[in-house]
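S.K.:
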Amino acid sequence: MTGTGDPTSDDGALDAAFAETVRRTGASIGALYLLAPDQRLLCLDVLCGVPIEFAAPWARVPLASPAPVADAVREDRLVWVGSQDEMVRSYPRTAVVLPYPLALVAAPVTGVRPRGALLLMWPATRPPCMTQRERGNITSSCRRLARLLEEAAERTGSPARREQPRVVTVAADRRSAITDPAVADFVERLPGGSCALDLEGRFTYVSSGACELLGCEEGRLLGTQPWQSLRWLDDPTYEDGYRAALISREPVSFTARRPPDQWLDIHLYPDASGISVRIIPTGGPAPPSPAPRRSTRTATPARGGQLYQLTHLAAALTEVVGVQDVVDLVADQIMPAYGAQGLVMSTADAGRLRITGHRGYAADTIRRLDGLPLDTAFTPARP
340 MTGTGDPTSD
350 DGALDAAFAE
360 TVRRTGASIG
370 ALYLLAPDQR
380 LLCLDVLCGV
390 PIEFAAPWAR
400 VPLASPAPVA
410 DAVREDRLVW
420 VGSQDEMVRS
430 YPRTAVVLPY
440 PLALVAAPVT
450 GVRPRGALLL
460 MWPATRPPCM
470 TQRERGNITS
480 SCRRLARLLE
490 EAAERTGSPA
500 RREQPRVVTV
510 AADRRSAITD
520 PAVADFVERL
530 PGGSCALDLE
540 GRFTYVSSGA
550 CELLGCEEGR
560 LLGTQPWQSL
570 RWLDDPTYED
580 GYRAALISRE
590 PVSFTARRPP
600 DQWLDIHLYP
610 DASGISVRII
620 PTGGPAPPSP
630 APRRSTRTAT
640 PARGGQLYQL
650 THLAAALTEV
660 VGVQDVVDLV
670 ADQIMPAYGA
680 QGLVMSTADA
690 GRLRITGHRG
700 YAADTIRRLD
710 GLPLDTAFTP
720 ARP
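Numbering of the sequence shown is given in the working numbering, commencing with residue 340 and proceeding in unit increments.
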């Protein structure tokens, strides 16, 4: 049955149930995946605990891939990974994308039929095993999510497919901002500098000491991400420090150089609402590790998430044996993520394109394409 139900209302009920699940389980990060109409792909629909760009490497997960959420749906079972070591052993590709100490569970969201998967993550400080009560809570939450999805499908035909996942907040931050003069004075008296970042990595507070050490006025920092407003922090190494703190929920420290020669120790202290930052001038000589290379190039540096996507693909390719393995990998795990319907792989041989593998094309089309000159305008997209 289809109807004219309000998708916004359906999203609100689903988001509330999802947020309540994350809050009740004490997870630091949560994600809800929905099956695509072709049943070949899991698409991230709702997220909490990290920015959208952090989830890019695992926003679209082919159902055939060896990943916790894919296994949970494909095998209709709860998948528990209690440590980073277990992640490396059981899911090496996922460990490449999430190289941080953590524990996670992936559970199928199934009603009358499979709907998707729920992914929850905790810091590595939690116990390495799940209790029966935790399993029961997660299973009942998944049933509730499945019921909401099926009710929405009955009213509207099918859940709306979004280009970007929705980000929800588990609970409103009840702590007041630093508006009390006594509190502000306390922070200002601390040596070095103090900052606060929200879950998106944006400055929400900067002390005068931090402004002095960072060499930038408060007004130019507030509302920006450090790697946007401070060019010398625009390096994947520093961004990954923030990423590690946010995902692992453990303190992270690194040393950065503010040009020309000011070395700073930067300490990140994360929790569910954001990250507190302490900045202290390095007292000793410059550390032995080299500073990020300074360059006059104008190209935008690769973001940390883009590098993780590349390493994830590289990890997958290390498992292939022959040409057909490469074709199968791309067809089963990369094509669905981009919505591609056909694939042709060719090599250059004596001035011609020789097809080494394909998927989604008729045999007569492949015969017409095989052996074309390198300078041909005749392509698989325009046969």
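Note that CB positions come from ideal geometry on N, CA and C, so glycine has one too.
How would you label Pro609, buried or exposed, when you count the other beta carbons within 10 angstroms and need 16 or more for buried?
M.R.: It is buried - the Cβ of Pro609 has at least 16 other Cβ atoms within 10 Å.
S.K.: Would Gly450 and Leu373 qualify as a contact pair, given that the criterion is a beta-carbon distance under 8 angstroms?
M.R.: Contact flag unset, no.
S.K.: For the segment 569-625, list the beta strand (DSSP E) runs that are entirely contained and at least 3 residues long, ordered along the chain.
M.R.: The segment 569-625 contains these whole beta strand (DSSP E) runs: 591-597, 601-610, 613-620.
S.K.: If you run the structure through DSSP and keep just helix, strand and coil, what is Met460?
M.R.: If DSSP states are grouped into helix, strand and coil, Met460 belongs with the strands.
S.K.: From the DSSP output, in three-state form, read off Gly351 for me.
M.R.: Helix.
S.K.: Are the Cβ atoms of Ser422 and Ala485 separated by less than 8 angstroms?
M.R.: No, the Cβ-Cβ distance between Ser422 and Ala485 is not below 8 angstroms.
S.K.: Starting from the Cα of Ala584, find the closest Cα among Pro440, Ala446, Arg413, Thr686 and give me that residue.
M.R.: The shortest C-alpha separation from Ala584 is found at Pro440.
S.K.: Give me the Cα-Cα distance between Arg452 and Val400, rounded to the nearest whole angstrom.
M.R.: Spanning the two alpha carbons is a distance of roughly 19 angstroms.
S.K.: Just to confirm, are Leu443 and Ala356 a CB contact at a threshold of 8 angstroms?
M.R.: Contact: no.
S.K.: Taking its Cβ as the centre, do 16 or more other Cβ atoms sit within 10 Å of Ser587, making it buried, or is it exposed?
M.R.: Flag for Ser587 reads buried.
S.K.: Bridge partners for Thr449 per DSSP, in chain order?
M.R.: DSSP, once it has assigned bridges, lists Pro453 as partnering Thr449.
S.K.: Within 10 angstroms of its Cβ, does Leu713 collect 16 or more other Cβ (buried), or is it exposed?
M.R.: Leu713 should be labelled exposed.
S.K.: Using only the alpha-carbon positions, how far apart do Leu459 and Thr360 sit?
M.R.: In a straight line, the C-alpha of Leu459 is about 9 angstroms away from that of Thr360.
S.K.: Straight-line CA distance for Gly388 to Glu589?
M.R.: Roughly 14 angstroms between the two C-alpha positions.
S.K.: Let me check one thing: in DSSP terms, what residues is Pro712 bridge-paired to?
M.R.: Answer is Arg691.
S.K.: Going by DSSP, name the residue or residues bridged to Ser533.
M.R.: BP columns for Ser533 point to Arg617.
S.K.: Please determine, among Val412, Ala366, Leu538, the residue with the shortest C-alpha to C-alpha distance to Arg465.
M.R.: The candidate whose alpha carbon is nearest that of Arg465 is Ala366.
S.K.: Is the segment 413-422 in contact with the segment 552-562, if contact means three or more CB pairs nearer than 8 angstroms?
M.R.: The segment 413-422 vs the segment 552-562: no contact.
S.K.: Within its chain, find whatever has a CB closer than 7 angstroms to the CB of Thr695; leave out the 5 residues flanking it on each side and keep chain order.
M.R.: Only Val662, Met684, Ser685, Thr686 meet the Cβ criterion.
S.K.: Tell me, please, which residues DSSP counts as bridged to Gly696.
M.R.: Paired residue(s): Met684.
S.K.: Check whether the Cβ atoms of Trp571 and Arg541 sit closer than 8 angstroms, and answer yes or no.
M.R.: No; because the gap between Cβ atoms is not below 8 angstroms, this pair is not in contact.
S.K.: How close, in whole Å, do the beta carbons of Thr576 and Asp604 come, if the pair is a contact with beta carbons under 8 angstroms?
M.R.: That belief does not hold up - the Cβ atoms of Thr576 and Asp604 are roughly 15 angstroms apart, past 8 angstroms.
S.K.: What whole-angstrom Cβ distance do Gly532 and Ala549 have, given they're in contact under 8 angstroms?
M.R.: Contact flag correct, Cβ pair sits at about 3 angstroms.
S.K.: Looking at the secondary structure, which residues open and close the beta strand (DSSP E) in which Cys387 lies?
M.R.: Counting along the chain, the beta strand (DSSP E) containing Cys387 begins and ends at 380-387.
S.K.: Between the alpha carbons of Cys318 and Ala395, how many angstroms are there, rounded?
M.R.: Since the first and last residues shown for the chain are 340 and 722, residue 318 lies out of range.
S.K.: Considering only their Cβ atoms, is the gap separating Leu536 from Gly475 smaller than 8 angstroms?
M.R.: Not closer than 8 angstroms, so no.
S.K.: Could you spell out the range, first to last residue, of the beta strand (DSSP E) harbouring Phe542?
M.R.: Per DSSP, Phe542 belongs to the beta strand (DSSP E) from 542-545.
S.K.: In angstroms with no decimal places, state the Cα-to-Cα distance between Ala491 and Ala352.
M.R.: Whole-angstrom Cα-Cα distance: 10 angstroms.
S.K.: Between Tyr430, Arg494, Glu392, which lies nearest to Val408 when the distance is taken from Cα to Cα?
M.R.: Of the listed residues, the one whose Cα sits closest to Val408 is Tyr430.
S.K.: Three-state secondary structure (DSSP) at Pro565?
M.R.: The answer is helix: DSSP assigns Pro565 an H, G or I state.
S.K.: What does a CB cutoff of less than 7 angstroms around Val292 pick up in its chain, not counting 5 residues either side in sequence?
M.R.: A query on residue 292 cannot be resolved here, the shown segment of the chain reaching from 340 to 722 and no further.
S.K.: Determine the extent of the alpha helix (DSSP H) in which Gly369 is found, giving its start and end residues.
M.R.: Per DSSP, Gly369 belongs to no alpha helix (DSSP H); it is in the beta strand (DSSP E), 368-374.
S.K.: Are the CB atoms of Leu371 and Asp384 nearer to each other than 8 angstroms?
M.R.: Taking 8 angstroms as the Cβ cut-off, Leu371 and Asp384 qualify as a contacting pair.
S.K.: Give the DSSP-derived three-state secondary structure of Arg399 in the structure shown.
M.R.: Looking at Arg399 - three-state DSSP - the assignment turns out to be strand.
S.K.: Could you name the residues of the same chain whose beta carbon sits closer than 7 angstroms to that of Asp703, not counting the 5 residues immediately before and after it, in chain order?
M.R.: Within the same chain, Asp703 has no close Cβ partners at all.
S.K.: Which residue marks the beginning of the alpha helix (DSSP H) containing Val435, and which one marks its end?
M.R.: Val435 -> alpha helix (DSSP H) spans 431-436.
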